[in-house]
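Chains as they are written, first to last, in my numbering: chain A, 773 to 1053; chain B, 773 to 1053.
Heads up, the thing below is written out as structure tokens.
Number of protein chains: 2
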Amino acid sequence: MRNATNPMLKRLSALVSLNDVEVELLESLTFEMREVTAGEWLWHEGDSAESLLVISEGWGCSARYLSDGSRQLLATYLPGDILGIFELLSGIRRNDVSMLTDGRVCEYSYSSIFTLLTASNRMRSALFVIANQHQAMLAERLVSVARRNARESLAHFLCECRERLLEFLPDDVDGFQLPLSQQDLADALGMSTVHISRTFSALACQGLVRRHHFHMVILDPQRLAEMADFDDHYLNCDKRILATNTPISFSDSAAAEWLPSMSHESKGRPSAEGDEPTASS
Amino acid sequence: MRNATNPMLKRLSALVSLNDVEVELLESLTFEMREVTAGEWLWHEGDSAESLLVISEGWGCSARYLSDGSRQLLATYLPGDILGIFELLSGIRRNDVSMLTDGRVCEYSYSSIFTLLTASNRMRSALFVIANQHQAMLAERLVSVARRNARESLAHFLCECRERLLEFLPDDVDGFQLPLSQQDLADALGMSTVHISRTFSALACQGLVRRHHFHMVILDPQRLAEMADFDDHYLNCDKRILATNTPISFSDSAAAEWLPSMSHESKGRPSAEGDEPTASS
DNA sequence: GATAAAAATAAACCTACGTTATCGCGCCGT
DNA sequence: ACGGCGCGATAACGTAGGTTTATTTTTATC
Chain A
773 MRNATNPMLK RLSALVSLND VEVELLESLT FEMREVTAGE WLWHEGDSAE
823 SLLVISEGWG CSARYLSDGS RQLLATYLPG DILGIFELLS GIRRNDVSML
873 TDGRVCEYSY SSIFTLLTAS NRMRSALFVI ANQHQAMLAE RLVSVARRNA
923 RESLAHFLCE CRERLLEFLP DDVDGFQLPL SQQDLADALG MSTVHISRTF
973 SALACQGLVR RHHFHMVILD PQRLAEMADF DDHYLNCDKR ILATNTPISF
1023 SDSAAAEWLP SMSHESKGRP SAEGDEPTAS S
Chain B
773 MRNATNPMLK RLSALVSLND VEVELLESLT FEMREVTAGE WLWHEGDSAE
823 SLLVISEGWG CSARYLSDGS RQLLATYLPG DILGIFELLS GIRRNDVSML
873 TDGRVCEYSY SSIFTLLTAS NRMRSALFVI ANQHQAMLAE RLVSVARRNA
923 RESLAHFLCE CRERLLEFLP DDVDGFQLPL SQQDLADALG MSTVHISRTF
973 SALACQGLVR RHHFHMVILD PQRLAEMADF DDHYLNCDKR ILATNTPISF
1023 SDSAAAEWLP SMSHESKGRP SAEGDEPTAS S
């Protein structure tokens, strides 16, 4: 794999196979790397949105705060995650986003992102896929909160975290850092901190997980996934589509500008297209 | 307002002010109108996605079905709603979608939609805004299920329905058809049917709503919104952005192709741009 | 209009979770 | 070393909402 100090490049190249032109384009993007600390706000609802953020280190989250003072986590953001895609066109931040831990974020101005989107179908698709993933996670969270009991819900969350981290983790590791306090987990899963604690104990008793402070070990991923009714499909289906370059049958030339991987060049404008040698249609 | 038998035109022109070229383009789109009946599936998760659907009459919903047989409604679709935007680029349906009532849907092939997206910034933005709205509703539903009690939750849902319908309803009406059975509502709000029933009684006792079968009357919208902590912002903020044509400051020409309403023409390709005389930057 | 099927209500009972409170532990600054 | 503080664990208790069963109302079918 290529040198990837550029976080955006790192993330996108994990999602789609980029050609040299695309890599070059990504490497030429200017970004500002910034140190952030736990609890720091990345932005607030209503702020004007002019840049896209990639988390390079640390965890973040978006949340809604209610009038009674409680909050509901809407999403967690892991290293490699890209934030602010949804606001690209509206120009206004939709939720509060803050860091759960110390870390490092990279800021890309929307104008450079627009260049990217215009130049490459695959990268446009990749950003869509990321946005889709977050929508899918949100839906799955709703299912958890609405339909699963505490143990299933927590188990599901742990499975999800593991699956999301797997991509960036060495294969042999069976544990990972889960830098969420029980308060954070409670806010994410719609439970009380006390019950999070209880539920962790229960899962530990069943020999499913082991936890020491922020370090999680999933002892029996299979059984945990079973009890949570966890299916990684919602996290990976779009990824697979991009990976296999599944072409969708369209004759219209307009489609070529939008679809992930049509093999013909788009009509004469600056373009970074070109396909890897994969199963073609 | 213009003749709008074309449901897509009707919806988009309610969202953004379209110019004549755009209207013409929309009117030239071919679509297939289809009668559908309550309970009919529009598509299933995993189906290949090749078209966008506009609900012209009736209500629909998307849902996740769990292994224990229960289901969770993820979204409701009202007349005018556009379905399948998210699948534009992935080409695969992500959730099961079915009709809650008899109705009528219009199908637009993705290829014609791609034409639309390529031709007009504003329509591209409009579709994004609609996708954003659904994401926002999903988030708000999560908040409801996770943080609000039954009365607040139901009240919030009713407020949301009212707000969404308001656009298409005569102003003077204080009642509307809410064609969801208590089972449907329970599936949407993560509660049991009996508790939906109880909660309706409670709301009725407090003089907040009146309900006769599928006909809802919100007796005191203000008080209902208060108790639900309902703020229509999440439904309307993007709409307002489009309406006021707020320009976002970008010097890059690539941005002009993406943003809702930059006033300059995009570079020489077929374009349906042109702006209404509004407050300029 | 008679009948069956579906939806809504109601009452009784139960449990998964919230709430409150207490205690122990590791971390920090003085 | 000390006390303060945030975090997590455990226990006792209360309750919102689930479950079950039965009765009534509404709708659909003929």
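Every residue, glycine too, gets a C-beta built ideally from N, C-alpha and C.
Open item on the list: At 4 residues or longer, what runs of the alpha helix (DSSP H) sit wholly inside the region 832–888 of chain A?
Closed with: Unbroken alpha helix (DSSP H) runs of no fewer than 4 residues, entirely contained in the region 832–888 of chain A, are not found.
Task: Span of the beta strand (DSSP E), counted from its first residue to its last, around residue 989 (chain B) - done: For residue 989 (chain B), the enclosing beta strand (DSSP E) starts and ends at 987–990.
- [ ] Spell out a yes or no on whether the region 865–872 of chain A and the region 830–839 of chain A are touching, meaning 3 or more CB-CB pairs, one atom from each, closer than 8 Å.
- [x] yes
- [ ] Identify each residue in the region 977–990 of chain B for which the Cβ-Cβ distance to at least one residue of chain A is less than 7 Å, and report them in chain order.
- [x] none
TODO: Return the bridge partner residues of residue 805 (chain A) from the DSSP annotation.
DONE: A:878
TODO: Check each candidate in B:907, B:978, B:821 and name the one with the smallest Cα separation from residue 881 (chain B).
DONE: B:821
Task: Burial state of residue 1044 (chain A), where buried means 16 or more other Cβ atoms lie within 10 Å - done: With a pLDDT of 43 at residue 1044 (chain A), under the threshold of 50, the modelled position of this residue cannot be trusted, and the question is left open.
Open item on the list: Can you confirm whether the region 997–1006 of chain B touches the region 962–973 of chain B when touching is taken to mean that 3 or more C-beta pairs between the two stretches lie within less than 8 Å?
Closed with: no
Open item on the list: Alpha carbons only, please: which of B:888, B:879, B:993 is nearest the one belonging to residue 930 (chain B)?
Closed with: B:993
Open item on the list: Taking CB distances under 8 Å as the criterion, tell me whether residue 947 (chain B) reaches chain A.
Closed with: no
Task: Exposed unless 16 or more other CB atoms sit within 10 angstroms - verdict on residue 783 (chain B) - done: buried
- [ ] Determine the direct distance from the alpha carbon of residue 800 (chain B) to that of residue 919 (chain A), and round the result to whole angstroms.
- [x] 45 Å
Open item on the list: Taking 8 Å as the threshold (beta carbon to beta carbon), is residue 864 (chain B) in contact with chain A?
Closed with: yes
TODO: At 7 Å on the CB atoms, spell out the chain A contacts of residue 913 (chain B), in chain order.
DONE: Neighbours of residue 913 (chain B) on chain A, chain order: 914.
TODO: Report the option in B:951, B:873, B:892, B:908 whose CA atom is closest to the CA atom of residue 808 (chain B).
DONE: The shortest C-alpha to C-alpha distance from residue 808 (chain B) to any of B:951, B:873, B:892, B:908 is the one to B:873.
Task: Test item: CB-CB of residue 903 (chain B) and residue 968 (chain B) under 8 Å - done: It is not a contact, given that the beta carbons lie outside the stated cut-off.
TODO: Determine the burial state of residue 942 (chain A): buried for a count of at least 16 other Cβ atoms within 10 Å of its Cβ, exposed for fewer.
DONE: It is exposed - the Cβ of residue 942 (chain A) has fewer than 16 other Cβ atoms within 10 Å.
Task: CB of residue 831 (chain B) within 8 Å of CB of residue 845 (chain B), strictly - done: Contact: no.
Task: C-beta neighbour in chain A for residue 918 (chain B), strict 8 Å - done: yes
Task: Under 8 Å between C-beta atoms of residue 875 (chain B) and residue 779 (chain B) - done: No, these two residues do not count as a Cβ contact at 8 Å.
Open item on the list: Contact defined as beta carbons within less than 8 Å: I believe residue 980 (chain B) pairs with residue 995 (chain B). What is the distance between those atoms, to the nearest angstrom?
Closed with: So it is a contact: roughly 6 Å between Cβ atoms.
- [ ] At 7 Å on the CB atoms, spell out the chain A contacts of residue 904 (chain B), in chain order.
- [x] 858, 862
Task: Cβ-based burial, residue 1032 (chain B) [other Cβ within 10 Å; buried from 16] - done: Residue placement at residue 1032 (chain B) cannot be trusted, given a pLDDT of 49 that sits under 50; what the coordinates show is reported in the next sentence. Buried, because 16 or more other Cβ atoms sit within 10 Å of the Cβ of residue 1032 (chain B).
- [ ] Buried or exposed for residue 860 (chain B), please, with buried defined as at least 16 other CB atoms from any protein chain shown within 10 angstroms of its CB.
- [x] buried
TODO: Just confirm the distance between the C-beta atoms of residue 1007 (chain B) and residue 936 (chain B), as a whole number of angstroms; I'd bet it's less than 8 Å.
DONE: 7 Å
- [ ] Can you tell me which of the three DSSP states residue 948 (chain A) falls into?
- [x] Three-state result, residue 948 (chain A): strand.
Task: Cross-strand partners of residue 825 (chain A) (DSSP beta bridge) - done: A:855, A:879
TODO: Find the nearest neighbour of residue 958 (chain A) within the set B:790, B:883, B:915, judged by alpha-carbon distance.
DONE: B:915
Open item on the list: Using a Cβ-Cβ cutoff of less than 6 Å, which residues in the same chain neighbour residue 884 (chain B) once the five nearest sequence positions on both sides are dropped?
Closed with: The answer, listed in chain order, is 801.
Task: Pairwise C-alpha distance: residue 839 (chain A) and residue 790 (chain A) - done: 46 Å
- [ ] Could you list which residues in chain B have their beta carbon closer than 8 Å to that of residue 901 (chain A), in chain order?
- [x] 861, 862
Open item on the list: Strictly below 8 Å CB to CB, what residues from chain A border residue 798 (chain B)?
Closed with: Against chain A, the beta carbon of residue 798 (chain B) has no neighbour under 8 Å; the closest one sits roughly 15 Å away.
Task: CA nearest to the CA of residue 896 (chain A), picked from B:818, B:899, B:843, B:862 - done: When each option's Cα is compared against that of residue 896 (chain A), the closest is B:862.
- [ ] Using DSSP bridges, identify the partner residues of residue 820 (chain B).
- [x] DSSP, once it has assigned bridges, lists B:864 as partnering residue 820 (chain B).
- [ ] Under the assumption that residue 898 (chain A) contacts residue 788 (chain A) (Cβ atoms under 8 Å), give the Cβ distance between them as a whole number of angstroms.
- [x] With a Cβ gap of about 5 Å, residue 898 (chain A) and residue 788 (chain A) count as contacting.
Open item on the list: In whole angstroms, give me the CA-to-CA distance for residue 1011 (chain A) and residue 797 (chain A).
Closed with: Each residue's Cα considered, the two are about 22 Å apart.
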